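Enquirer: Residue numbers (my numbering), protein chains in the order written: chain Y, 1 to 811; chain H, 1001 to 1115.
Note that CB positions come from ideal geometry on N, CA and C, so glycine has one too.
Since the structure is predicted, the reported quantities are computational estimates derived from the model, not experimental observations.
Got a structure here, written out as C-alpha cells. Questions coming.
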Amino acid sequence: MVEKLIVIGAGMATGRALEQLFKAGSDYEVTLFNAEPRGNYDRIMLSPVLAGDKTYEEIVIHDSAWYEEHGVTCRFGEKVVSVDREAKTVTAENGDVLKYDKLLLGTGSNPFMIPLPGHDLEGVITYRDLEDTQRMMSLGEGNKVVVIGGGLLGLEAAAGMAARGVDVTVVHIMGHLMERQLDEAAGYLLRKALVDKGITVLCQANSKEILGQDGHVKALLLDDGTELPCDLLVMAVGIRPNVALAQEAGLAIGKGIHVDDQMMTSDADILAVGECVEHNGALFGLVAPLYDQAKVVAKTLMGEEDTFVQKELSTKLKVTGCDLFSAGDFADGDGREDIVFRDPARGVYRRLVLEDNKVVGAVMYGDTADSGWFFGLIRDKTDISDMRETVIFGPAYQGGAPLDPLAAVAALPLDAEICGCNGICKGEIVEAIEAGAADLGAVRAVTKASGSCGTCTGLVEQVLATTLGDAFVLPGVESICGCTDLTHEDLRRIIKSQELKSMAAVWQECGWKTVDGCAKCRPALNFYLLADWPVDYLDDPQSRFINERKHANIQKDGTFSVVPRMWGGITNAGELRAIADAADKYNVPTVKVTGGQRIDLLGVKSEDLPAIWADLNKAGLVSGHAYAKGLRTVKTCVGTDHCRFGTQDSTGLGVKLEKALWGSWTPHKVKMAVSGCPRNCAEATCKDVGIVCVDSGYQIGVGGAAGMDLKEIEPLAQVATEEEALELTLAFVQLYREHAKYLDRPYKFIAKVGMDWVKERVVDDLAERRALVERFRLSQSIYQKDPWAEHAKEKAESYQPVANLTLEAAE
Amino acid sequence: MNAQATEWIDIASLEDIPARGARMVKTREGCVAVFRTAADEVFALDNACPHKKGPLAEGIVHGASVTCPLHNWVISLETGEVQGPDDGQVATYPARVENGRILLDAAFLASRSAA
C-alpha cells in the first residue's frame, strides 16, 4: 500500500526534504501544493535576478522535468484552504478533498506590512516572491522608489533597483543599517558604499503615512514632515511565520508552528519545516538550518531516527557587492573586550569580541576571506591567549606561517564549514576533489557547495587551489566550454585576425583539448566561421543543434513543428488552404497561431517533414526559420493600407525587411516589427529591431526584449525614407552578426559594447554602414535559400530510418 | 544460415551516415541509433536517452560521445554510460564496418525483446 504524502508549500525547505526523501528511496505518492504558480526556486537569488545578473530560469531548483521524474503531482497556483485532522484530508481552493497519510507543512512566512495609513494603496508592495521582483524590474530611469527597511532584504531590493537606474531612497528606523547583523562601524561602511551607488539612506527615520493619488502611492511622509515622492513603495521590514492553516487545524502554535526534534507537530501525522516552524522557542530564516530540518523531516517520514539540533549560526552575506560577515554575540558588555582592525583605504573593517580569552563574536566587512576560521574559534570556544597579538590578522599570520592568502584556507580544519547554505565542510570538498572533481563546476555538481547563494565560490576555488596545487588554474573569465580556455570574445578575435576558416583550423591553432569539440562549442564555432567567412567556410550541419539541422523544432516527444513564413504577417486564402490540407494529410494534432503572426503545425513526424514541406512549397510557402538562431518574423500592423491612424506603409516595409533578411543566421534569434504609428499595434518597442512610423519618417530602435527580461528598444536613429530604414537595419544586424557572442540577443550585445559604439558604426560612419550592408548582402547571396525546398528535393532520404528491420526481426 | 558464427546484418553503406552523425534503424522492438564518428567508427545504441527518452540519433556527435537534443545529457557511444554529473545507461549493440558497409549483430538485436 503506497502511502500518500501531501506537501503544502513548494519552497526551499520542502524542496530539500523531497530531494532527501527520493534519495532515500521513498515510495510515498506525493502531492505538492504551492500558492505561487510555480515550483521550487532559489529565493536567495531573487536579488541577482532583480539586479539583472541572473534570470529566473537560472535560479529554478526543481523544474517540471524533476517533478515529473519523481512522480510528484504538482498543484501550483492552488492554496489549501483547510485541514481535517480527524478525516486526514486537506481541502483545496477548488473544493477538492484529498486524503493524506502524512502531511508536511512548509507554508513559509508572510512579509510583515506596517499598518501605516495608506498601506493598502496600489504601488505598495513587499519583497518576497518573483511577482514582487518583476514589479521592481519593471522600473527604470526616471522612476522613484522608497524602500522602508534597512535590513538585508530592503538593501538588496534598493541596490537591485539602483542598478537599473531607479532613484532609490532607503528609510530605516534604527540608527544604522542591518543592526542585527552588523555593528555600527560596519553599518557605516555599508551605508557609505550604498551612497556611492547613488542610493539615499535615511536612518532613524520614522514613517508616518503613505500618501496616495487616485488610489496609487504618491509619496511617503515621515514624522518630521519630510515627504519622499515615489512611484513604488517597497516594505521590507521583516517576515512572520505563516501559521494560519496550522492554527485553524488546531495544531499547537506559538510564534510559529511548534515542532519537536523530529520536526513533528502536535499531530504525529503532520510535520512541518522551514520558516513557518518554531523549535525550542527559535524561528528560522537562514537557509542552512532549514536544510538541516529538511534532512531530519525526510528521515522521520522514512521512519528513521534523526534529531534536529540548532547550531551556532553565522551570517555571510554579499550586499550590493560588499562582503559582510557576522557571527556570535557582538554586543558590548561588561567583561568584554574588542580587537579592531581597520583599513580605510581598502574599506576593510574587522572586529572580534572577546570574553575570558575566547572569541564570542565577530563582525567583518570588506574582506571576509578568513571568516570560516574565526567562526571556528567561536564555535569551538578556542582559548586565544597565545595568539592574541596576531589573531585579528587571521590564520595566515599564526605560528609564523607564510603570508600567502591561500595559506589561510589551507590552515582551515577539515570540519570547517565552507558552504553555509548546504552545510558542506572543507573535508567533503577535499574528498570530492580527491575523487576527481577538478574544477568549480565539478565540485558543485558533486557536493552542492557554492550552488545556492554562491558567496562561498571564492573559498571553494581556494580549497581547489590548495588541494590540487599547481594543477589548478584559477579561472579568470569563463571559457566557452571544457574544450578550451578561450572565451567567446577571444575566439572571435582569433578567427578574424588569424583568418581561420575551418573548424579543424580553429581546433589546431587554438589548442582544443578534445578531438572535435562538444555540443557547446561546435554550434558557436560553426556560427562564427560562417558569419566571418561566408564564402570560404562551408556550413556544417553536424555542428548544428537538431532544430537547425532538420529545419523544424523538436518537441518533447521527438516530433517536430512546422512554421511556414508569412511575409510581414500577410497571408491569403490559397496559402491557408494549403496549410489546412497539409494539417489534414499529415494528421497534425495541433495547429496554433504564433505570437509572430503566422501558423504553427505541431506534432509532425520526422519522416513526414520532407513531404509536408514539398506540399507547402507548391503553394509558394517557404521555411519560416521558427527554429533558427536567425531572423524569425517581422511583425506588422496594417499601416496606411487600411488604418485611419497609419502614417506610413508599415506592412510594406515589414515585408521588404523580411524579404531582405530571411535566411540569415545570427548569434541568437532575431525578431522585428514595424508599427504604422506611435500607437504601436505591432509592439515594435520590445523587439530586437523595432521601427515605429511617424509622419516625418521612421524611428528605428534596437535592443528590445520581451522574454524573461523586458526591455524597451533604445533609439538608433530616425530616418526619412524606407530605403534608409532598410539600410540601417541591415547594417545593425551585420554588426551584431560580426561581433556578438553566440547566444547573446542584441540587447545583451549592446549592453557589452555600448550604444555609442553601435551608433558610430551603423549611423555616423556612412562608409562603415555601407560596408556592413555589403557584407550582409554577400552572406545572403549564399545563405538566403529555402532549406525546405532543398531538403525535400535532395535530402528527403535522410529523414527516413536508414534501415527497417521490423520484418526480418519478426521472422 | 551459419549458426556458429555471429550473424551480421548488412544495414547500410557507411556513406549513408554523415561523419559526426547518426541515423535510425527501426527494429520490431523499437529504434536503434547508429552513429558514425569523425574517425569513421560506428556504434549502435538504443535511440532513447535514459533521462526523457530523447532521440539520441538527433544529437550532436563529438569524439565518441553524443549529446541528447532534449536536455544535453552526454552519453558515451562506446559504453552507453551517461557522462558527467548525470547517471544512467543506454543499451549498446555490437556494430562494425566491413568493406564500407555497416554491420549489426542480428542475435543481439533480436535479444532486445528478451531484455
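Does the segment 236 to 247 of chain Y come into contact with the segment 216 to 228 of chain Y, if we say contact requires no fewer than three beta-carbon pairs (one atom in each stretch) closer than 8 Å?
Expert: No: the two stretches stay apart, fewer than three of their Cβ pairs being nearer than 8 Å.
Enquirer: Does the segment 148 to 165 of chain Y come close enough to the segment 246 to 264 of chain Y that 3 or more CB-CB pairs lie under 8 Å?
Expert: Cβ pair count under 8 Å is below three, so no.
Enquirer: Once the 5 residues before and after Y:Ala-10 are set aside, which same chain residues still bring their CB inside 6 Å of it?
Expert: Taken in chain order, the residues that qualify are Leu-32, Asn-34, Gly-39, Asn-40.
Enquirer: Decide if the segment 273 to 286 of chain Y is in contact with the segment 9 to 29 of chain Y; the criterion is three or more beta carbon pairs, one per stretch, under 8 Å apart.
Expert: Yes: at least three Cβ pairs fall under 8 Å.
Enquirer: Looking only at its chain, what residues have a beta carbon closer than 8 Å to the beta carbon of Y:Ser-266, apart from the 5 residues adjacent to it on each side?
Expert: Around Y:Ser-266: Leu-251, Ala-252, His-258.
Enquirer: Around the Cβ of Y:Phe-645, are there at least 16 other Cβ atoms within 10 angstroms (buried) or fewer (exposed)?
Expert: Flag for Y:Phe-645 reads exposed.
Enquirer: In whole angstroms, what separates the C-alpha of Y:Gly-517 from that of Y:Ile-429?
Expert: The alpha-carbon atoms of Y:Gly-517 and Y:Ile-429 are separated by roughly 29 Å.
Enquirer: Is the CB-CB distance between Y:Asn-526 and Y:Ser-543 below 8 Å?
Expert: Result yes, Cβ atoms of Y:Asn-526 and Y:Ser-543 sit closer than 8 Å.
Enquirer: For Y:Glu-69, which option in Y:Glu-93, Y:Lys-592, Y:Asp-27, Y:Ser-109 has the closest C-alpha, if you only look at C-alpha atoms?
Expert: Residue Y:Asp-27 is the option with its Cα nearest to Y:Glu-69.
Enquirer: Verify the CB distance criterion: does Y:Arg-598 have a CB-CB separation below 8 Å to chain H?
Expert: Y:Arg-598 does not count as touching chain H.
Enquirer: When the distance is taken between beta carbons, is Y:Gln-780 closer than 8 Å to Y:Ser-623?
Expert: Against a cut-off of 8 Å, the Cβ pair of Y:Gln-780 and Y:Ser-623 comes out as no contact.
Enquirer: In the DSSP output, what is Y:Thr-514 paired with across the bridge?
Expert: Its beta-bridge partners do not exist; DSSP assigns none.
Enquirer: Candidates Y:Leu-5, Y:Val-802, Y:Leu-177: which alpha carbon is nearest Y:Leu-104's?
Expert: The shortest C-alpha separation from Y:Leu-104 is found at Y:Leu-5.
Enquirer: Have a look at the DSSP bridge pairing and note the partners of Y:Cys-419.
Expert: According to DSSP, Y:Cys-419 bridges with Y:Ile-424.
Enquirer: As an exercise, report each continuous alpha helix (DSSP H) stretch of at least 4 residues that is fully enclosed by the segment 489 to 555 of chain Y, in chain order.
Expert: Counting whole runs of 4 or more residues, the segment 489 to 555 of chain Y contains the alpha helix (DSSP H) stretches 503 to 509, 521 to 532, 546 to 550.
Enquirer: Of all the residues that make up the segment 1071 to 1084 of chain H, which are near chain Y by a beta-carbon distance shorter than 9 Å?
Expert: Under the 9 Å Cβ criterion, the segment 1071 to 1084 of chain H contributes His-1071, Asn-1072, Val-1074, Gly-1084.
Enquirer: Cβ of Y:Trp-788 within 8 Å of Cβ of Y:Trp-613?
Expert: Contact flag set, yes.
Enquirer: Please name the residue, chosen from Y:Cys-421, Y:Leu-414, Y:Glu-461, Y:Glu-417, that lies closest to Y:Ala-437 on a Cα-to-Cα basis.
Expert: Considering only alpha carbons, the answer is Y:Glu-461.
Enquirer: Among all the DSSP beta bridges, which residues are the ones paired with Y:Thr-429?
Expert: For clarity, residue 429 of chain Y is Ile in the given sequence; the question names Thr instead. Note: Y:Ile-429 sits in no beta bridge, so no partner.
Enquirer: Distance check for Y:Lys-358 and Y:Leu-352, CA to CA, integer angstroms please.
Expert: Cα-Cα distance, rounded: 10 Å.
Enquirer: Under a three-way DSSP split, which group does Y:Ala-362 fall into?
Expert: Of the three classes helix, strand and coil, the one that applies to Y:Ala-362 here is strand, per DSSP.
Enquirer: Helix, strand or coil for Y:Trp-788 per DSSP?
Expert: Y:Trp-788 falls in the helix class under three-state DSSP.
Enquirer: Please check the pair Y:Cys-686 and Y:Leu-653, which I expect to be a contact at CB under 8 Å, by giving their CB distance rounded to whole angstroms.
Expert: With 8 Å as the limit, Y:Cys-686 and Y:Leu-653 do not qualify as a contact, their Cβ atoms being about 18 Å apart.
Enquirer: Following the continuous alpha helix (DSSP H) through Y:Pro-746, name the residue where it begins and the one where it ends.
Expert: Start and end: 746 to 753.
Enquirer: From which residue to which residue does the alpha helix (DSSP H) around H:Ala-1106 run?
Expert: 1106 to 1110 is the extent of the alpha helix (DSSP H) around H:Ala-1106.
Enquirer: Going by beta carbon distance, what residues of the same chain come within less than 8 Å of Y:Met-708, once the five residues before and after it are set aside?
Expert: Taken in chain order, the residues that qualify are Thr-55, Tyr-56, Glu-57.
Enquirer: Can you have a look at Y:Ala-401 and say buried or exposed, based on whether 16 or more other CB atoms are within 10 angstroms of its CB?
Expert: Residue placement at Y:Ala-401 is poorly supported in this model, since its pLDDT is 43, which falls under 50; the coordinates still yield a value, given next. Exposed, by the Cβ-count rule.
Enquirer: Taking the runs of the alpha helix (DSSP H) that are 4 residues or longer, which of them lie wholly in the segment 175 to 212 of chain Y?
Expert: For the segment 175 to 212 of chain Y, whole alpha helix (DSSP H) runs of length 4 or above, ordered along the chain, are 184 to 196.
Enquirer: Identify, in the order they occur along the chain, each residue of the same chain with its Cβ nearer than 8 Å to the Cβ of Y:Asp-744, setting aside the five sequence neighbours on each side.
Expert: Taken in chain order, the residues that qualify are Pro-667, His-668, Lys-752.
Enquirer: Please name the residue, chosen from Y:Pro-715, Y:Ala-416, Y:Leu-18, that lies closest to Y:Thr-73 on a Cα-to-Cα basis.
Expert: Checking every option, the nearest Cα to that of Y:Thr-73 belongs to Y:Leu-18.
Enquirer: In the DSSP assignment, what are the bridge partners of Y:Ile-8?
Expert: Answer by DSSP bridge pairing, in chain order: Y:Phe-33, Y:Leu-105.
Enquirer: Give the residues of chain H in contact with Y:Gly-558, contact being defined as C-beta atoms less than 8 Å apart.
Expert: Near Y:Gly-558 (Cβ distances below 8 Å), the residues of chain H are Lys-1053, Gly-1054, Pro-1055, Glu-1058.
Enquirer: Using only the alpha-carbon positions, how far apart do Y:Val-124 and Y:Thr-721 sit?
Expert: When rounded, the distance between both Cα atoms is 46 Å.
Enquirer: Using the beta-carbon of each residue, which ones in chain H are nearer than 9 Å to Y:Thr-514?
Expert: Simply His-1062, Gly-1063.
Enquirer: Apart from the five residues just before and just after H:Glu-1098, which ones in its own chain have a Cβ nearer than 7 Å to its Cβ?
Expert: Closer than 7 Å at Cβ, skipping near neighbours: no residue.
Enquirer: What does DSSP give as the partner residues of H:Ser-1065 in its beta bridges?
Expert: Answer is H:His-1062, H:Ser-1076, bridged to H:Ser-1065.
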